[in-house]
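Heads up: the sequence shown begins at 5 in the numbering used here, then just goes up one per residue. Glycine included, every Cβ here is placed at the ideal spot set by N, Cα and C. Just so we're clear, the structure is a prediction, and the values are computed from it rather than from any experiment. Input: a single structure, listed below in structure tokens.
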Amino acid sequence: MSANRVVTEQTLALFRASEAGDAKAVEELVRHPSTDLNWHRTQSYGATAVVAAIMKGHRDVVELLLDAGAEVGALKTPDRNSPLHEAAFRDEPEIIRVLLAKIQLKGNQSVSALVDLQNQFGNTPLHIAARTGSVGCVTRLLEADAKVSLTNVNGSGPLHHACYCERPNLAVVKLLVAAGADVNARDEQGCSPIIIAAKKNQTDVIDFLRSHGADAKLKNAFGEDALHFATLRENANAIELLGE
């Protein structure tokens, strides 16, 4: 059913029950012949019932919907986020596990195609999980062979995003580097992960990247290196590390 057609009472009720986490109602509604499991509600950012449940963290409802045949890879939100993107954004590793398991069971969808699906901005679920700082989500996605080398429209990879994270994120950086992320990859502005870590005052990340081959002398498109940003931040420990 198109999002533009008249929606049935049961379909709208399913969306509301999914959003509310009412598993009993969902279980009844998915069996009704008039219920469209994959309807996209335009008033709710184009979300499906699955996405509505993910946004609220209702894993049991997500499982019920997928068991009933709801799509895993539906893309109708304006920024083309998939259910995996939404789960990564909300730090829901167990929902990612459920989604990945269903993709594998269906067999007619490529796991790698959905795991590495890029949204409107070129971000994969791994980009989102790295930026969120979710060790659990990053681990699940890497276990499903998510690519660490894909870049978004700004030339940033998941490792760049991990370094941009606002909270301590060394564990995610370590996971990505262990999976083969290039520590000297540069985005469209010439920024490498170590430059971004210096911008964000992440001393432990700077230390780790240096010990794993990051070139602290690399400069961005404006001629600024990691030491420049460490100096701006007045980060004595980072300045000492980068000046060695």
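- The C-beta separation of I199 from F226 comes to about 10 Å, leaving the pair out of contact by the 8 Å criterion.
- For the set D120, G137, R171 and V157, the Cα lying nearest the Cα of A150 is the one of D120.
- Per DSSP, reduced to three states, the secondary structure at R20 is helical.
- About 16 Å separates the beta carbons of W43 and V76, which is beyond the 8 Å limit, so they are not a contact pair.
- Per DSSP, E147 is one residue of the alpha helix (DSSP H) stretching across V139 to E147.
- Cβ contact annotation for L246 (same chain, cutoff 6 Å, sequence separation greater than five): A220, A230, L231 and A234, in chain order.
- Here E248 is exposed, its C-beta having fewer than 16 other C-beta atoms within 10 Å.
- The continuous alpha helix (DSSP H) containing K28 extends over residues A27 to L33.
- Of the candidates Q193, L222 and E90, E90 places its Cα closest to the Cα of T136.
- For L121, there is no enclosing alpha helix (DSSP H), as DSSP marks it with neither H nor E.
- In the structure shown, the three-state DSSP call for R63 is helix.
- V66 has its alpha-carbon roughly 28 Å from the corresponding atom of C169.
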